[in-house]
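Engineer:
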Amino acid sequence: MEDMRIYQIDISGQVVESEIAPFSLPGLKINPDENGDSIITVKTDQSGLIGLIRHLHALGFELLSINILN
Amino acid sequence: MEPFVLTTKLHQPSPLIRGIHRQRLVTRLNQGLLAGRSLTLVSAPAGFGKTTCVSEWIEQLDLPVAWLSLEPADDDPARFFLYFIAALQKINSSLENELKRLLEPGQLFPTQSVFTILLQNIHRFEFRFLLVLDDFQNIQEKTIIEFLEMLVENSPPQLHLVILTREDPLIPLARLRANNQMTEIRAEDLRFSNDETRDFFSKTMGVTLAEEDLRMLDHRIEGWAAGLQLVGLSIYGRENPSQFISNLRGTQRHILSYLTEEVLNHQSIEVQKFLIETSLLDKMCAELCDAVTGRMDSKVLLDHLFSANLFLVPLDDHQQWFRYHHLFADLLRSQLNRISKQRIIQLHNNASKWFEQEGMVAEAIDQALAGEDYDRAVGLLEQHAMSFAMQGYVKTVENWMLAIPPALRSQSPRANLAFSSVYLMRGNYAESAKYLSQAEASIFQNSSADGSDNLELAALQAEWYAIQANLFNVRGNPTESLSAAEKSLQLASSEQFQILCIAYLGMGGAYRLIGNYQKLVEAYQKAIHYSRAAGNLLAEMLSSTALGLVAIQLGQLHFAYQIAIEAVDRYETSNMLPPPVAGSVYGILGLVELEWNQLDRVHNHFLKALQLNSLGGHNAGVVFAKVLMARLAQTQGKLDDATKLMNEAANLLPLGVPAWLKPEVISQQVLIYLAQNNPISAEVVLNQVPGSFLEPEKYPSELIFIAQLRVVLYYVKNGEYKGDLDLPLQLADCLITTAIQNHRLGIALEILMVLIQIQSIVGRKDAALESLSKALQLAEHEGYLRIFLDAGSEIHELLKIAQKKNLHPEITRKLLAAFSSAETISTSSAEQTGLFEPLSDRELEVLKLMSEGLTNPEIADHLIISLSTVKTHLVHIFNKLGVRNRAEAVLKAKEIGIL
């Protein structure tokens, strides 16, 4: 069983790395897409993912989608 | 009464799955501890064995452990900090007295001060310890998260924090991770390896599995602790475990409910029923289970479940209290549909009654609400809401209130009155008024022919009017307030001390606004009397503060001092939690000492006032203390500090303060602006209040008049005064005469001081000298010094003339001496006390006895305190003075002049 997966989280609006990277496992990346939204790529497990989503929610970001990359 | 059961929350669990050793995890955790890391984070979904792993680890450690299991209801700062402090006290009992103060948070949660004090206390631990926060995913409240963030940032070397959570906490941990300051155990680490699974089945469950079965199990369950345990329970005694294992399919959740069902069906019908029915209890003991289910054999059943490893988690060392493992409880609750709704409600109500009987009121209310027995919940709240809220659990009580349907809520006058009263005492007037109006309808419309009910109703009305009287004062409406207070006194019987003290408190406030000083003193003295009879320490502190402040205005410094000393004594010897405004009586002490020019003591007392009032979260109390600190800062020439404090005070005004306090704030603001050569801002502040020299009858307070007169003085001093001087001077004369006639000497003196300066500057030297002579006469008896010193050079010059003319020679000589040393006294004392955290009165006593050569036991005897308390005081003294031993402490104390 592989607990750690690479997740791609799409968020409405611009996310600043310093706002969320301290709350996540290392290696988190943020890329803007053509619509001005943000794509977060992070390698983490279930509890890390849930914690990160809760943090994004607390910051007021709208969650658009979550996908597993590998 | 301690409202929440502590012991079960703080129980350090023994490993849930007994007999399993996960050496690789223990080794990793130990390495982290040895490397001096400050945090261990165990983050994984439910059922991964987080608690078991950590409890196995700490069982073999030789360190004190504070364990705190968190529930959703603990996501309330008051409750969280109560448990947090209780957990620390469990391993270090000497913390108790100091930290109790933190347990009294109010509507204005003083986050920063609580953080600082907690951190200071952790830094004082003389040993390394572990603090385990289990089920941390239940905490989302910002205040609590911020506190832990600060704890992690500061990482006191004594503390190793362990967080167990189902999801990564909202604490920024990247820096700790990057600096290798944190041990992290995650889902992949917690999964059982093949070897561990084999060990677990053979050693713990007593089942030997074939290698192929093990591989299959590993494939299906993926080393998930809860799943493995359920498989163990399911295949125990089964003929063909291989088949059972190969039949396990689907998602984790699916397997889990399948296995739980299996395990349940393995049990007798009786046991199944017991498990499901008791699943609605968050914690259980045999007696409670008997009461809830109506059985007589719960003890036997619980023992059976425990020894069969059926997910029963002990909550204490004696195996009296248990809970079900969270996952198991969830699944049991999902089976509750097997029984009727009626039965469920009955179970809740049985539980509620049992908890009430046992004095566990919070649980009784929770269960009554869960069972939708709102009458019962309201009844319990009526009895206990006041006491809960007075102890700081305002949020908890409010949540209970909100769970009751609105129609029922407003029908409960007593609960509403209790709330209104709690908020009044805490200085949250808007909330108080809200609950008071909710109570109104039922109190004044219900009438009953029954005589006893009428008495009951009269008491409710009396209480309603008593609170109303206080609220009218806040709105600056003394006439209405008086009439409400009088109605309350008519309705209340002579034994209803609680109501009487609040009514007299309101009456005193009204007379204070009207300016009837004789009646005011009478009312407040009665308020103090009845507060004591009722055991209402908070009302006693409020009345004492008010009376003390008025006594200062009356120029009765000794009387004010005596009232404050008595109040301080009552507060310090009471074993109750300190009431929110307790700090203000220290403020009175300081104010009198300021007038007596004992600046070194003033600083300590004002600081204590600010600390206690901030901790108490009483808005008016905080504003008052900040005004006091600003006054001292200005006296010491620290204008920037004074300005900052006054800005902070002014920002708190919109939260609601009683009417008497606003003039105090404005008056101090004006003083500071004038000292900064900014008369325009002073006038802007003064324009907020009605009244001018032309309409003196409209003055809300003489303090405002004095402030305006100071503005006049400022312009006169700078040769910029343009208007007619006679008008303000005549009015000042007039007010002085009235004040003296009414024995309000403090006010008379303040006006005189300004008047003398104006007279002197405009060349009316004879009039000035005459006024000075009057002031000296008024001041002599009560020992006033500071008010002359603050008035500065004009007074200084006049005093020299007064000395030549032999006017009031004694006080004149004292004042001249004080003038010549004023500069040095104020600066040096500021430095002395500014460098160190001030010693408490008790610590000063201990220090003094120590300097006289008394041993610790002798000091303990002398002060009638325990030896360990003496030692605690010593540790604090050493810390505050920055010394290591008694000799150094005495030396240092003498050096800085506190001995």
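Residue numbers (the numbering used here), protein chains in the order written: chain H, 204 to 273; chain B, 9 to 907.
Cβ atoms here follow ideal geometry from the backbone N, Cα and C, with glycine treated the same way.
None of the values given here were measured: they were computed from a predicted structure.
(1) Does THR35 of chain B pass the burial test, meaning 16 or more other C-beta atoms within 10 Å, or should it be called exposed?
(2) For GLU220 of chain B, tell me which candidate among B:VAL692, B:ASN202 and B:VAL122 has the shortest Cα-Cα distance.
(3) Roughly how many whole angstroms lie between the Cα atoms of GLU728 of chain B and ILE769 of chain B?
(4) So, at 8 Å on beta carbons, what are the nonlocal neighbours of TRP65 of chain B in its own chain, with the 5 sequence-adjacent residues on each side left out?
(5) Does DSSP put GLU366 of chain B in a helix, a strand or coil?
(6) Please state if the CB of SER215 of chain H and the CB of LEU272 of chain H are separated by a distance shorter than 9 Å.
(7) Could you list which residues in chain B have their beta carbon closer than 9 Å to that of HIS226 of chain H, in chain order?
(8) Please confirm if SER51 of chain B has its CB atom under 9 Å from at least one CB of chain H.
(9) Between which residues of its own chain and THR832 of chain B is the CB-CB distance below 6 Å, once the five residues before and five after are set aside?
(10) Just the chain B side, please: which residues come within less than 8 Å of PRO229 of chain H by C-beta, in chain order?
(11) Could I get the ranges of all uninterrupted alpha helix (DSSP H) runs contained in the segment 192-226 of chain B, with 4 residues as the minimum, in chain order?
(12) Strictly by DSSP, which residues pair up with ARG331 of chain B?
(13) Answer with yes or no whether the minimum CB distance from ILE253 of chain H to chain A is below 9 Å.
(14) How about VAL140 of chain B and VAL160 of chain B: do their beta carbons lie closer than 9 Å?
(15) Which residue comes first and which comes last in the alpha helix (DSSP H) that contains PRO671 of chain B?
(16) Residues in the same chain with beta-carbon distance under 6 Å from THR841 of chain B, minus the five sequence neighbours each way, listed in chain order, please.
(17) Determine, for GLU204 of chain B, whether the minimum Cβ-Cβ distance to residues of chain H falls below 9 Å.
(18) Measure from the C-beta of GLY263 of chain H to each C-beta in chain B and report whether the shortest distance is under 9 Å.
(19) Kindly indicate if chain H contains any beta-carbon less than 9 Å away from that of ARG194 of chain B.
(20) Taking 9 Å as the CB-CB limit, is GLN237 of chain B close to chain H?
(21) Quick check: the Cα distance between LEU287 of chain H and LEU49 of chain B, rounded to an integer number of angstroms?
(22) Scan the segment 59-75 of chain B for residues whose Cβ lies nearer than 8 Å to a Cβ of chain H and list them as they occur along the chain.
(23) Are three or more beta carbon pairs between the segment 711-719 of chain B and the segment 685-700 of chain B nearer than 8 Å?
(24) Run through the DSSP bridge pairs and tell me what TYR210 of chain H is partnered with.
(25) Taking only runs that begin and end inside the segment 797-879 of chain B, name each unbroken alpha helix (DSSP H) of 4 or more residues, in chain order.
(26) Could you list which residues in chain B have their beta carbon closer than 9 Å to that of HIS258 of chain H, in chain order?
(27) What number of angstroms, rounded off, separates the C-alpha of LEU241 of chain B from the C-alpha of GLY235 of chain B?
(28) According to DSSP, SER215 of chain H sits in a beta bridge with which residue or residues?
(29) For ASP236 of chain H and chain B, any beta-carbon pair shorter than 9 Å?
(30) Compute the Euclidean distance between the alpha carbons of HIS613 of chain B and LYS17 of chain B, then round it to the nearest angstrom.
(31) DSSP on ASN238 of chain H, reduced to helix/strand/coil?
(32) Using Cβ-Cβ distances below 8 Å, what residues of the segment 625-645 of chain B are close to chain H?
(33) Counting C-beta neighbours from all protein chains within 10 Å, is the total for HIS131 of chain B 16 or more, i.e. buried, or is it exposed?
(34) Taking Cβ-Cβ distances below 7 Å as the criterion, which residues of the segment 259-279 of chain B are in contact with chain H?
(35) Determine the closest residue to VAL300 of chain B out of B:ARG578, B:GLN365, B:PRO413 and B:HIS168, with distance taken between C-alpha atoms.
(36) Can at least three beta-carbon pairs, one atom from the segment 550-569 of chain B and one from the segment 596-605 of chain B, be found at a separation below 8 Å?
Structural biologist: So, to answer that:
(1) The residue in question, THR35 of chain B, is exposed, as its Cβ has fewer than 16 Cβ neighbours within 10 Å.
(2) The shortest C-alpha separation from GLU220 of chain B is found at B:ASN202.
(3) If you take the alpha carbons of GLU728 of chain B and ILE769 of chain B, they lie about 12 Å apart.
(4) Excluding positions up to five away in sequence, the list reads LEU33, VAL34, LEU37 and ASN38.
(5) DSSP places GLU366 of chain B in coil when its eight states are reduced to three.
(6) Cβ distance not < 9 Å, so LEU272 of chain H and SER215 of chain H don't count as in contact.
(7) Correcting the residue type first, residue 226 of chain H is Phe in the shown sequence and not His. Going along chain B in sequence order, the residues near PHE226 of chain H (Cβ under 9 Å) are ASP176, PRO177, LEU178, ILE179, PRO180, LEU181 and ALA182.
(8) Residue contact check for SER51 of chain B against chain H: a CB pair falls below 9 Å.
(9) Bear in mind that a pLDDT of 48 at THR832 of chain B, under 50, signals an unreliable position, so the model cannot answer this.
(10) Per Cβ cutoff of 8 Å: ALA182, ARG185 and ALA186.
(11) DSSP runs (the alpha helix (DSSP H)) wholly in the segment 192-226 of chain B: 195-198 and 202-207.
(12) Answer is B:VAL321.
(13) You won't find chain A in this structure, because its protein chains are H and B.
(14) VAL140 of chain B places its beta carbon 9 Å or farther from that of VAL160 of chain B.
(15) Note, PRO671 of chain B: alpha helix (DSSP H), 669-683.
(16) Here THR841 of chain B scores only 42 on pLDDT, less than 50, and its place in the model should not be relied on; the value that follows carries that caveat. Sequence-distant partners of THR841 of chain B (beyond 5 residues in either direction) whose C-beta falls short of 6 Å from its own C-beta, in its chain, are HIS611.
(17) No Cβ of chain H is located within less than 9 Å of the beta carbon of GLU204 of chain B.
(18) Cβ-Cβ to chain B under 9 Å: no for GLY263 of chain H.
(19) Yes, its Cβ sits closer than 9 Å to a Cβ of chain H.
(20) No, no contact with chain H.
(21) There is simply no residue 287 of chain H to check, as chain H begins at 204 and stops at 273 in what is shown.
(22) Answer set for the segment 59-75 of chain B: empty.
(23) With contact defined as three or more Cβ pairs closer than 8 Å, the segment 711-719 of chain B and the segment 685-700 of chain B are in contact.
(24) As DSSP reads the structure, TYR210 of chain H sits in a beta bridge with H:VAL245 and H:ILE271.
(25) Taking only runs of at least 4 residues, the alpha helix (DSSP H) segments lying wholly in the segment 797-879 of chain B are 801-812, 817-843, 849-859 and 864-871.
(26) ASP176 and LEU178, listed in chain order.
(27) If you take the alpha carbons of LEU241 of chain B and GLY235 of chain B, they lie about 10 Å apart.
(28) Answer is H:GLU265, bridged to SER215 of chain H.
(29) Not flagged as an interface residue toward chain B: ASP236 of chain H, since no C-beta distance is shorter than 9 Å.
(30) In a straight line, the C-alpha of HIS613 of chain B is about 38 Å away from that of LYS17 of chain B.
(31) In the structure shown, ASN238 of chain H adopts coil according to DSSP, grouped into three states.
(32) The segment 625-645 of chain B vs chain H, Cβ under 8 Å: nothing.
(33) Looking at its Cβ environment, which holds fewer than 16 other Cβ atoms inside 10 Å, HIS131 of chain B is exposed.
(34) Within the segment 259-279 of chain B, no residue places its CB atom closer than 7 Å to a CB of chain H.
(35) Minimum Cα distance to VAL300 of chain B is reached at B:GLN365.
(36) Yes: the two stretches touch, three or more of their Cβ pairs being nearer than 8 Å.
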